[in-house]
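**Student:** Under UniProt numbering, the first residue of the sequence shown carries the number 1, and numbering increases by one thereafter.
C-beta: ideal position from N, C-alpha, C; glycine also.
Since we're looking at a predicted model, the values are computed, not measured.
Sharing a structure with you now.
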Amino acid sequence: MTTPMAGPVRTGRRAGRQAPRRGLPASVSTPVASRAVGASRWSTDFRGSNDYPTIFLDEDGFTSFSACVSTRKREMRALLLIVLLATGFAPTWALAQSAPDVRIVVDVSGSMKQNDPQNLRANALGFAATLLPPSARASIWTFGTTVSNPLPSDAVADAWRGRVASLSPRLTDYQQFTDIERALRQAADAAPDSANRHLILLTDGMVDLPASGSDKAQRDRVSRQRIIDELAPELAGRGVVVHAIALSNNVDLPLLEQVAQTTGGLAAVADTPEELLRAFLDVLDRILPGDQIPIDGQQRFNVDDDIDEFNALLFHAPGVDSPVLVGPDGQRYSRGDHPGSVEWQSSDRYDLVTVPDPAAGEWHIEGDIGGDSRIGIHADTVLRSAPLPATLYRGFSTPLDVWLASDGKTLEADSRPDGLTVRAELKDLDGAVLAATPLEPSDDHFRGDLPGVDQLGNARLTITARSDRMIRQQVQTVNVVAALSAVLSEDGSRIVVHANHPDLDVNNTQLSASLTGRSLDVRQTGEREWTIAVPRTDPGQSLPVTIAADARIDGRTLHFELPVVRLNPEASVGLSGADLERGVISDTRQQDDGQGSDGGDDFTDGLTASQMVDIAVDKARQGWRLAKPYVETYGQRPVTWIVIAIILLSWILLRWRRAANRRRLARREEPSI
């Protein structure tokens with residue numbers, strides 16, 4: 001068989017070789033298949049079912065089913081099945097390294113009753129039972145006022161999976177308080193003291209300790225700060241990674257982001273079934289990274305003869321027919337008609353297809369599929385990289401170092417495919433490219449720097465190695481955070497600025513701050529912390545504080561503009577551009593927050609153009625995240641778009657009439673003493 005590699009390295013299928021199944025290294029011997037997909041050959045269709053399918057493997061590798069009646073909404077029925085994909089992506093070389101020890105820490109406090117009314121946590125436990133390969137260890141913890149370990153650490157096998165199903169009632173045994181600090185510490189400290197520990201924290205993210213009165217608020221603050229200042233750095237020093245998934249918008253997201261950032265984990269908000277699934281897949285990609293091949297704009301993908309198997313996860317709108325796979329020879333693979341060696345699982349929103357020994361060449365997909373669809377592969381030749389950071393910093397470039405490997409060895413330059421190029425891209429969760437760069441050959445590696453970006457939040461870092469005869473791709477989710485962050489104290493007397501980027505500190509970074517034109521005193525209060533004292537102000541007035549920073553790093557001077565911090569943010573009256581010493585009384589915030597405005601409408605709220613763009617992008621992303629499930633459902637109905645057009649035109653007309661009326665009015669003069 002022709003091989004896609006030049007030189008002595010053989011990368012095609014070897015005669016008589018049994019391909020390692022589903023990510024287990026060939027040296028690992030186990031009577032249990034490495035994951036539910038592939039244990040046997042069958043087709044499954046849960047369309048129209050009101051049960052959640054739970055798939056387990058017996059000791060002989062056969063598949064059995066148990067169904068638990070769902071109390072969830074219809075769209076949640078089959079989500080458990082799709083997580084089989086994630087384990088299909090776990091590569092041989094990753095599992096051959098230190099096996100992961102995953103500890104899922106689940107919030108059962110009373111606030112979860114309101115913040116997780118759909119009980120998404122129950123699905124999370126089902127995900128865990130299927131996501132992890134048998135070579136991993138796992139445990140489940142619950143916490144509220146106290147911390148419990150209902151499922152101790154053990155190898156992920158049938159017995160462990162079977163016990164997971166019995167834990168669902170424990171998630172609704174609510175407790176009054178939320179001791180996140182104790183939960184993280186006890187889960188991390190528990191035996192065994194493994195080297196590759198990952199904590200997955202599912203919570204609404206609010207520290208809430210037993211106490212009363214002012215003492216309670218103080219205890220909550222102290223515990224929260226101790227998590228940030230002491231516990232998270234301690235866990236990072238021990239190699240414990242914390243991934244935080246907030247199951248509500250009512251969340252202390254800065255806390256979760258700081259813990260994840262410090263320990264090298266991910267942080268995400270998931271308040272829909274789709275977002276929870278995405279978050280778990282993203283976390284697994286970091287624990288067990290694997291190779292993919294891309295789907296192009298015409299829904300095509302290329303399989304080379306080095307690929308032993310591919311897993312196609314194909315998202316689609318509910319109620320439509322499943323997609324169809326068409327091979328290079330024209331053979332069609334559908335949900336109801338496919339070879340017996342092909343595994344096909346189907347649900348209302350996606351299909352998962354496992355094709356062993358696929359024909360080399362161009363495949364294509366018929367039917368509309370979603371943007372999160374993907375093709376995971378198992379192959380001899382894989383794409384590896386130096387550890388990819390889970391956190392990127394706004395405006396800072398990220399160094400990248402990748403290479404190809406076969407049979408566990410780095411491919412030398414003369415053994416690589418002819419014409420191989422490597423490119424890195426950072427995309428937002430909707431697929432828009434935020435930054436991109438080619439990686440240049442350097443010895444046996446490819447290296448380069450990904451440019452910094454301005455957009456904050458979750459993004460996907462994609463590295464693609466491409467030649468005429470093969471493609472390998474890795475996708476990792478990252479958090480893009482601000483290099484510096486500013487927070488107003490609860491009593492409103494000071495603003496605390498913290499350096500998130502590890503290279504920023506008080507020795508190389510200078511801060512300046514002003515309140516409506518008046519400079520404020522900035523003091524260094526830690527190695528990476530500054531405090532800005534703010535004067536006492538009228539609580540009925542909302543005042544903007546602008547903060548800027550200049551840093552000197554590696555011979556370069558970098559300038560930062562932090563988001564405006566507003567004093568008395570709940571006040572209905574705002575000031576902008578007037579000196580406090582004048583004792584100015586302002587008009588409404590909407591009219592007077594813009595600086596230097598002399599006509600027209602002003603919606604700047606004291607923000608710079610870049611800050612307004614950040615807020616607009618953030619609001620748009622929040623709106624799309626909430627609207628996306630409804631768009632998928634109703635977007636195919638013509639009447640939907642007619643109604644949207646009418647609403648949009650009405651809104652534009654209303655805004656135009658209001659602006660015209662304001663222009664007719666004499667503008668009020670700036671008030672002064």
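Just tell me which of V355, S347 and V106 has its CA closest to the CA of G340.
**Tutor:** As a working mapping, residue 340 is identified with position 340 in the sequence shown. The residue with the shortest Cα to Cα distance from G340 is V355.
**Student:** So that I know if they touch, is there some Cβ in chain C lying closer than 8 Å to that of R335?
**Tutor:** Looking for chain C here will not work: only one protein chain is present.
**Student:** Given this structure, state the Cα-to-Cα distance separating S40 from L325, to the nearest angstrom.
**Tutor:** Here residue 40 corresponds to residue number 40 of the sequence shown, with the count starting at 1. Here residue 325 corresponds to residue number 325 of the sequence shown, with the count starting at 1. Legend: pLDDT at S40 = 30, less than 50; position of this residue unreliable, no value from coordinates given.
**Student:** For the structure I just gave you, are there three or more beta carbon pairs, one from the stretch 218-238 and one from the stretch 254-264, closer than 8 Å?
**Tutor:** Contact between the stretch 218-238 and the stretch 254-264 is present, because at least three Cβ pairs lie under 8 Å.
**Student:** Nearest to P544 by alpha carbon, out of E309, L558, V487 and D505?
**Tutor:** Residue mapping note: residue 544 aligns to position 544 of the sequence shown, counting from 1. Comparing Cα positions, the closest option is V487.
**Student:** Contact defined as beta carbons within less than 8 Å: I believe V241 pairs with R197. What is the distance between those atoms, to the nearest angstrom?
**Tutor:** Within the sequence shown, numbered from 1, the residue matching residue 241 stands at position 241. Within the sequence shown, numbered from 1, the residue matching residue 197 stands at position 197. That pair is a contact at about 7 Å.
**Student:** Check for me: the beta strand (DSSP E) holding G162 runs from which residue to which?
**Tutor:** Residue 162 sits at position 162 when you count from the first residue of the sequence shown. That residue, G162, is in no beta strand (DSSP E); its alpha helix (DSSP H) goes D158 to V164.
**Student:** In this structure, how does DSSP classify L543 when only helix, strand and coil are distinguished?
**Tutor:** Along the sequence shown, read from residue 1 onward, the residue named residue 543 stands at position 543. Correct three-state label for L543: strand.
**Student:** Determine the DSSP secondary structure at R460, reduced to helix, strand or coil.
**Tutor:** What you label residue 460 is simply residue 460 of the sequence shown in a count that begins at 1. Strand, per DSSP.
**Student:** Which residue marks the beginning of the alpha helix (DSSP H) containing D220, and which one marks its end?
**Tutor:** Counting from 1 along the sequence shown, the entry for residue 220 is found at position 220. Where D220 is concerned, the enclosing alpha helix (DSSP H) stretches over G213 to R226.
**Student:** With a Cβ-Cβ cutoff of 8 Å, do V264 and A244 count as a contact?
**Tutor:** Start at 1 with the first residue of the sequence shown, and residue 264 comes out as number 264. Start at 1 with the first residue of the sequence shown, and residue 244 comes out as number 244. Note that residue 264 is Gly in the sequence shown here, rather than Val. Their beta carbons are not under 8 Å apart, which means G264 does not touch A244 by this criterion.
**Student:** Count the other C-beta atoms from every protein chain shown that fall within 10 angstroms of the C-beta of A445, then say buried if there are 16 or more, exposed otherwise.
**Tutor:** For the purposes of this step, residue 445 is taken as residue 445 along the sequence shown, with counting starting at 1. Note on identity: in this sequence residue 445 is His, with Ala being the wrong assignment. It counts as buried.
**Student:** Whole angstroms is fine: what's the gap from F310's alpha carbon to A386's?
**Tutor:** Counted from its first residue, the sequence shown places residue 310 at position 310. Counted from its first residue, the sequence shown places residue 386 at position 386. Roughly 25 Å between the two C-alpha positions.
**Student:** Thinking C-alpha only, which one of P318, A270 and P192 is nearest D204?
**Tutor:** Locating residue 204 in the sequence shown gives position 204, counting from the first residue. When each option's Cα is compared against that of D204, the closest is A270.
**Student:** Any heavy atom of the ligand SAM closer than 7 Å to the Cβ of R416?
**Tutor:** Looking for the ligand SAM in the displayed structure turns up nothing, as the structure carries no ligands at all.
**Student:** Among Q455, E490 and L404, whose alpha-carbon lies nearest the alpha-carbon of D428?
**Tutor:** As a position in the sequence shown, residue 428 is number 428, starting the count at 1. Cα-wise, what sits closest to D428 is Q455.
**Student:** Would you list, in sequence order, the uninterrupted beta strand (DSSP E) runs of no fewer than 3 residues that lie entirely inside the stretch 223-273?
**Tutor:** Correct list: 241-246 and 267-269.
**Student:** Within 10 Å of its beta-carbon, does I375 have 16 or more other beta-carbons around it, so buried, or fewer, so exposed?
**Tutor:** Position 375 of the sequence shown, counted from the start, is the residue given in the question as residue 375. The residue is buried, with at least 16 neighbouring Cβ atoms inside 10 Å.
**Student:** Closer than 7 Å by C-beta to R219: which residues in its own chain qualify, once you throw out the five before and the five after it? Chain order, please.
**Tutor:** Position 219 of the sequence shown, counting from 1, holds the residue named residue 219. Taken in chain order, the residues that qualify are L209 and A211.
**Student:** Quick check on residue 691: buried or exposed, where buried means 16 or more other Cβ atoms within 10 Å of its Cβ?
**Tutor:** The question about residue 691 has no answer here: the residues shown for the chain are numbered 1 through 673.
**Student:** Alpha carbon to alpha carbon, how far is A183 from I553?
**Tutor:** Taking the first residue of the sequence shown as position 1, residue 183 is located at position 183. Taking the first residue of the sequence shown as position 1, residue 553 is located at position 553. Rounded to whole angstroms, A183 to I553 spans 38 Å at the Cα level.
**Student:** Looking at I547 and L504, is the spacing between their C-beta atoms short of 8 Å?
**Tutor:** In the sequence shown, counting from the first residue as 1, residue 504 sits at position 504. In the sequence shown, counting from the first residue as 1, residue 547 sits at position 547. The answer is no: Cβ separation not under 8 Å.
**Student:** Determine which residues share a DSSP beta bridge with L383 and list them.
**Tutor:** As a working note, residue 383 is residue 383 in the sequence shown. In DSSP, L383 forms a bridge with L404.
**Student:** Can you name, in chain order, every residue of its own chain whose Cβ lies under 6 Å from the Cβ of S194, other than the five neighbours on each side?
**Tutor:** Looking up residue 194 in the sequence shown gives position 194. Correct list, in chain order: D101.
**Student:** Assuming S109 contacts Q175 under a Cβ cut-off of 8 Å, what Cβ separation, rounded to an integer in Å, is found between them?
**Tutor:** Within the sequence shown, residue 109 is the residue found at index 109, counting from 1. Within the sequence shown, residue 175 is the residue found at index 175, counting from 1. Yes, S109 and Q175 are in contact; Cβ-Cβ is about 6 Å, under 8 Å.
**Student:** With a cut-off of 8 Å, do at least 3 Cβ pairs link the stretch 343-354 to the stretch 290-297?
**Tutor:** Touching, no.
**Student:** Measure the C-alpha to C-alpha separation of N479 and T464 and round it to an integer number of angstroms.
**Tutor:** Along the sequence shown, one-based indexing puts residue 479 at 479. Along the sequence shown, one-based indexing puts residue 464 at 464. Approximately 20 Å, taken between the alpha carbons.
**Student:** Quick check: the Cα distance between V496 and Q524, rounded to an integer number of angstroms?
**Tutor:** Counting from 1 along the sequence shown, the entry for residue 496 is found at position 496. Counting from 1 along the sequence shown, the entry for residue 524 is found at position 524. Near 10 Å, if we compare the C-alpha coordinates of Q524 and V496.
**Student:** From what residue to what residue does the alpha helix (DSSP H) around I180 run?
**Tutor:** Within the sequence shown, numbered from 1, the residue matching residue 180 stands at position 180. Taken as a continuous stretch (DSSP letters only), the alpha helix (DSSP H) holding I180 covers I180 to D189.
**Student:** So what's R170 in DSSP terms, helix, strand or just coil?
**Tutor:** Reading the sequence shown from its first residue, position 170 is the one you call residue 170. Three-state result, R170: helix.
**Student:** Cα separation between T516 and N249?
**Tutor:** Sequence index remark: in the sequence shown, residue 516 carries index 516 (1-based). Sequence index remark: in the sequence shown, residue 249 carries index 249 (1-based). Roughly 32 Å separates the two Cα atoms.
**Student:** In three-state terms, what does DSSP make of G205?
**Tutor:** Start at 1 with the first residue of the sequence shown, and residue 205 comes out as number 205. Correct three-state label for G205: coil.
**Student:** Are the beta-carbon atoms of H501 and Y393 separated by less than 8 Å?
**Tutor:** Here the question's residue 501 lines up with position 501 in the sequence shown. Here the question's residue 393 lines up with position 393 in the sequence shown. It is a contact, given that the beta carbons lie within the stated cut-off.
**Student:** Over what stretch of residues does the alpha helix (DSSP H) that includes S111 continue unbroken?
**Tutor:** Position 111 of the sequence shown, counted from the start, is the residue given in the question as residue 111. Its alpha helix (DSSP H) spans residues S111 to N115.
**Student:** Determine the direct distance from the alpha carbon of V481 to that of G361, and round the result to whole angstroms.
**Tutor:** Within the sequence shown, numbered from 1, the residue matching residue 361 stands at position 361. Within the sequence shown, numbered from 1, the residue matching residue 481 stands at position 481. Going from the Cα of G361 to the Cα of V481 covers about 41 Å.
**Student:** Please state whether DSSP places V283 in a helix, a strand or coil.
**Tutor:** Reading the sequence shown from its first residue, position 283 is the one you call residue 283. Three-state result, V283: helix.
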